[in-house]
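Numbering (mature numbering (1 follows the signal peptide of the UniProt record, and there is no 0)), first residue to last: -17 to -1, 1 to 419.
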């Protein structure tokens, strides 16, 4: 039997270093290789060690997910000094996926490779069954909490305590992330004229009496379907890191991008309408990347059976730019039946959820057209989505459909591939990602 020991670090009292990868490229979560293997003939067993004690795989997954654990660099335990955790680890090489066929608008990709555990990820047939979708304690029906409130209200600088999540101004609290409703909290330790650096991401362990939006931090948030975050500072990461959200200063919250909007949430383009429609009898969790910001897939759309929801389509001329380049939205599509609580957060390689979800959607407006793509979440996973996705509409150039592991385009859907995906251009009207 081959035993692989994966060593871990506790992050209590520390923050996790912000991954320094741009959104258009693969966003690698800093997960260095596990310790060297001790090889004896037989199957592989992965065990996890923290401070000299073995802990369960479930505890590891929970800790990695909520930020209380990180992988130790090069398989050796490291001092929990206040320096960035990531500074002592080796950054995995970045890979750039092949372009989507006919891709005229750059797709975003924040896929993260799996940790180098020796045991292979199970197939969908062996994956644990997801929990039934719930309403996160927000009510019943068509998830009224996801619609938000106060979307038209201007946000008042310096009046609201950092300990208060501003749901009265359109932001929707994402409770399952464990950050008091925020989707991510970033605290730069270096604030130079050229940009922020040594950017730490606040973890649940650092929250004080339930307040996770700490002094000096940028606190990011989700907006309802059809809307997107409007606040991020003009000063960004010194080495390309994205930063998003409102600022906690002197114990009060302040906008960071009043030139764009005095509101917390804004719509995407009004030139076309993009929707997702679920015709199945099980829920479908679609999760947008929190970008600019921590870049986790924590912005949810929970499409119940028979439901139709807006998908935000950013206008490249009016939204976030990375080093002068326009950006689009990326959504992760989870297998049917996976709840947003499971699917819209960091995942793990043993389940095809979260950043290990099988499929990505690319959505953006540029050059007078909306560009919509579906593609495999490669190289992170080649797991196959268990339902069909097709882009339909009245004024679309091209065809694009996923079914049974194949992404197909062409008039008769005869041009197929298993990874690169397909793209359509939407000239006007409404285009819909139909799940069936």
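Even glycine gets a Cβ: it sits at the ideal position worked out from N, Cα and C.
query                                                                                                                                                                       : result
Using a Cβ-Cβ cut-off of 8 Å (strictly less than) and excluding sequence neighbours within five positions of residue 415, which residues of its own chain qualify?          : 257, 258, 259, 260, 291, 374, 375 and 376
Considering residue 412, what are the terminal residues of the beta strand (DSSP E) in which it resides?                                                                    : 412 to 418
Less than 8 Å separating the beta-carbons of residue 296 and residue 282?                                                                                                   : no
Does DSSP put residue 282 in a helix, a strand or coil?                                                                                                                     : strand
Classify residue 68: buried if its beta carbon has 16 or more other beta carbons within 10 angstroms, exposed otherwise.                                                    : Summary for residue 68: the model assigns pLDDT 30, below 50, so the residue's position carries little reliability; its value from the coordinates is reported in the next sentence. Buried, because 16 or more other Cβ atoms sit within 10 Å of the Cβ of residue 68.
Give me the residue from 401, 387 and 405 with the minimum Cα distance to residue 393.                                                                                      : 405
Which term fits residue 255, buried or exposed, when burial requires 16 or more other beta carbons within 10 angstroms of its beta carbon?                                  : buried
Ignoring anything shorter than 3 residues or poking outside the stretch 153 to 189, list the beta strand (DSSP E) runs there in chain order.                                : 167 to 175 and 178 to 184
On the DSSP letters alone, give me the boundaries of the beta strand (DSSP E) that residue 293 sits inside.                                                                 : 291 to 293
How far does the beta strand (DSSP E) with residue 374 in it extend, from its first residue to its last?                                                                    : 372 to 376
From this set, 224, 217, 208 and 197, which residue's C-alpha is nearest residue 232's C-alpha?                                                                             : 197
Just to confirm my understanding: we take residue 240, look at its own chain, exclude 5 residues before and 5 after, and list those with CB closer than 8 Å. What are they? : 213, 214, 215, 216 and 217
According to DSSP, is residue 368 part of a helix, a strand, or is it coil?                                                                                                 : coil
When DSSP labels each residue in this structure, what does residue 304 get in the three-state scheme?                                                                       : strand
Could you have a look at residue 354 and say whether DSSP puts it in helix, strand or coil?                                                                                 : strand
State the Cα-Cα distance for the pair residue 108 and residue 366, rounded to the nearest angstrom.                                                                         : Only weak support exists for where residue 108 lies, its pLDDT of 37 falling under 50; the value from the coordinates is given anyway. C-alpha separation (whole angstroms): 11 Å.
What three-state label does DSSP hand residue 322 in the structure shown?                                                                                                   : coil
Mapping DSSP to helix, strand and coil, what is residue 406?                                                                                                                : strand
With DSSP as the reference, label residue 261 as helix, strand or coil.                                                                                                     : strand
Between residue 262 and residue 332, what straight-line distance do the alpha-carbon atoms span, to the nearest angstrom?                                                   : 28 Å
Have a look at 223, 299, 342 and 316 and flag the residue whose alpha-carbon is nearest the alpha-carbon of residue 352.                                                    : 299
Would a C-beta distance cut-off of 8 Å place residue 386 and residue 371 closer than the cut-off?                                                                           : yes
What does the alpha-carbon distance come out to for the pair residue 315 and residue 173?                                                                                   : 32 Å
Could you give the distance in angstroms between the alpha-carbon of residue 209 and the alpha-carbon of residue 134?                                                       : 11 Å
Using three-state DSSP, classify residue 210 as helix, strand or coil.                                                                                                      : strand
When you compare only the Cα positions, how much space is there between residue 223 and residue 178?                                                                        : 9 Å
Nearest by alpha-carbon distance to residue 343: which of 361, 136 and 399 is it?                                                                                           : 361
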